[in-house]
Amino acid sequence: MSKKFSIIVQSIYDYYYYASLILLITVFSVILTLYQTRLNMRQLQELTRFECPVAIYRRSE
């Protein structure tokens, strides 16, 4: 919320350079966060594909 307010205020006072810089940093941060989240999800999926042999012993009747 404060970033939106900051962009609006700086745009009103003709600080377009600073407003665009804040917007650029925010967009970059969101993209980087999405990338990291997708990477973590893929790694988690790889961990769930673990297979190992299991021996089953049954009582003979």
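1 is the number of the first residue of the sequence shown in the working numbering; add one for each residue after it.
All residues carry an ideal CB built from backbone N, CA and C; glycine is no exception.
Taking the CB atoms as reference points, tell me whether residue i and residue j lie closer together than 9 Å.
i: I7; j: A19; result: yes
Assign residue i to one of three DSSP states: helix, strand, or coil.
i: R58; result: coil
i: Y15; result: coil
i: R38; result: helix
i: F50; result: coil
Cβ of residue i less than 9 Å from any chain B Cβ?
i: M41; result: The question asks about chain B, but that chain is absent: this structure has only one protein chain.
Touch test, the region 38–56 against the region 11–23, Cβ-Cβ under 8 Å, three pairs minimum: no
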